[in-house]
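Peer 1: Residue 34 is where the sequence shown starts when you use the numbering used here, and the numbers rise one by one after that.
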Amino acid sequence: MSDIVVETHAVTKTLGSGAARVEALKDVSMTLRAGELTLLMGPSGSGKTTLLLILGCMLTPTAGEVRLCGTPTAGANTEDLARIRREHVGFVFQSYHLFPTLTAAENVQLALDVRGDRDRTARERACAALGQVGLAHKIRSYPRELSGGEQQRVAIARAIVANPSLILADEPTAALDGRNGQGIMKLLAENAHQRGRAVMVVTHDPRVMPFADRIIEIEDGRLTHEQPGGAKRVRLPKATAFGA
Numbered sequence: 034m035s036d037i038v039v040e041t042h043a044v045t046k047t048l049g050s051g052a053a054r055v056e057a058l059k060d061v062s063m064t065l066r067a068g069e070l071t072l073l074m075g076p077s078g079s080g081k082t083t084l085l086l087i088l089g090c091m092l093t094p095t096a097g098e099v100r101l102c103g104t105p106t107a108g109a110n111t112e113d114l115a116r117i118r119r120e121h122v123g124f125v126f127q128s129y130h131l132f133p134t135l136t137a138a139e140n141v142q143l144a145l146d147v148r149g150d151r152d153r154t155a156r157e158r159a160c161a162a163l164g165q166v167g168l169a170h171k172i173r174s175y176p177r178e179l180s181g182g183e184q185q186r187v188a189i190a191r192a193i194v195a196n197p198s199l200i201l202a203d204e205p206t207a208a209l210d211g212r213n214g215q216g217i218m219k220l221l222a223e224n225a226h227q228r229g230r231a232v233m234v235v236t237h238d239p240r241v242m243p244f245a246d247r248i249i250e251i252e253d254g255r256l257t258h259e260q261p262g263g264a265k266r267v268r269l270p271k272a273t274a275f276g277a
């Protein structure tokens with residue numbers, strides 16, 4: 034059985050206070066394992082993004098326990114959480130978050146810079162990560178010179194360049210057409226199945242369901258249902274090409 038990368042026990046998250054107090058998450062217990070791509074699906078306001086941010090150590094739970102790569106996050110201060118995040122987590126977001134004045138390679142290398150990896154191999158590692166996502170020929174291109182699908186692949190290269198154990202993706206296909214969305218999901222599936230990472234994709238798009246090993250549904254802050262995804266039945270081939 035795959036190794037557990039993340040586990041939560043009875044996680045609750047309360048936002049706001051007084052009349053504005055909302056329980057965004059309620060008694061959430063789950064695991065994410067290396068080698069699996071998990072979809073977290075639910076309507077807007079169901080708690081998907083809140084859970085993703087807690088798993089990625091960007092938010093702390095109000096109650097409950099989180100362990101990331103065996104390290105408990107309870108009691109960790111902001112600096113400790115940042116260190117855990119840098120060492121173990123790669124993020125992919127819907128809106129890419131690329132710096133317009135940096136080339137593709139520089140945007141990827143920035144993820145190494147914030148970790149303190151500024152040696153002579155950093156540039157090589159950034160270019161290698163772009164090669165993994167099919168963009169070796171775009172290392173000197175600026176975001177304005179890239180299509181939406183290419184920009185999202187740069188964002189994925191930035192997420193994987195430091196070899197994280199966990200990749201968290203928040204609606205990574207929402208701004209893309211069907212062809213590019215399929216290419217992005219194939220790439221995330223490859224990172225799970227062939228590179229042994231735990232990957233969780235937050236989405237409300239049913240078109241991505243065939244790429245999942247597991248599908249977890251959330252509603253009103255509670256996990257309501259879990260089922261096998263299409264990838265459990267038919268393993269997807271390695272991604273080799275993407276739309277422009």
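For every residue, glycine included, the Cβ atom is placed at its ideal position computed from N, Cα and C.
(1) Taking all protein chains shown into account, do 16 or more other C-beta atoms lie within 10 angstroms of the C-beta of Ser50, making it buried, or fewer, making it exposed?
(2) Per DSSP, Leu114 is paired with what?
(3) Checking the sheet assignment: what are the DSSP bridge partners for Gly123?
(4) Where does Val267 fall in DSSP's three states?
(5) Which residue from Glu223, Arg158, Leu256 and Gly216 puts its Cα closest to that of Val141?
(6) Thinking C-alpha only, which one of Glu183, Thr104 and Thr95 is nearest Arg54?
(7) Quick one: measure Cβ to Cβ for Leu88 and Met233, integer angstroms, because I've assumed they're closer than 8 Å.
(8) Quick check: the segment 234-241 against the segment 192-205, are there 3 or more CB pairs under 8 Å?
(9) Does Glu183 pass the burial test, meaning 16 or more other C-beta atoms within 10 Å, or should it be called exposed?
(10) Measuring straight from C-alpha to C-alpha, what distance separates Leu221 and Gly229?
(11) According to DSSP, is Pro261 part of a helix, a strand, or is it coil?
(12) Could you pull the DSSP bridge partners for Met74 from this structure?
(13) Assign Val55 to one of three DSSP states: helix, strand, or coil.
Peer 2: Considering the structure as presented:
(1) exposed
(2) By DSSP's assignment, Leu114 forms no beta bridge with any residue.
(3) Ile200
(4) Interpretation of Val267 is limited by its pLDDT of 42, a score under 50 that renders its predicted location unreliable; no figure is taken from the coordinates.
(5) Arg158
(6) For the options Glu183, Thr104 and Thr95, the alpha carbon positioned closest to that of Arg54 is the one of Thr95.
(7) With a Cβ gap of about 7 Å, Leu88 and Met233 count as contacting.
(8) Between the segment 234-241 and the segment 192-205 there are three or more inter-stretch CB-CB distances shorter than 8 Å, so the stretches are counted as touching.
(9) buried
(10) For Leu221 and Gly229, the distance between alpha carbons rounds to 11 Å.
(11) It is a strand residue.
(12) Thr236 and Glu250
(13) strand
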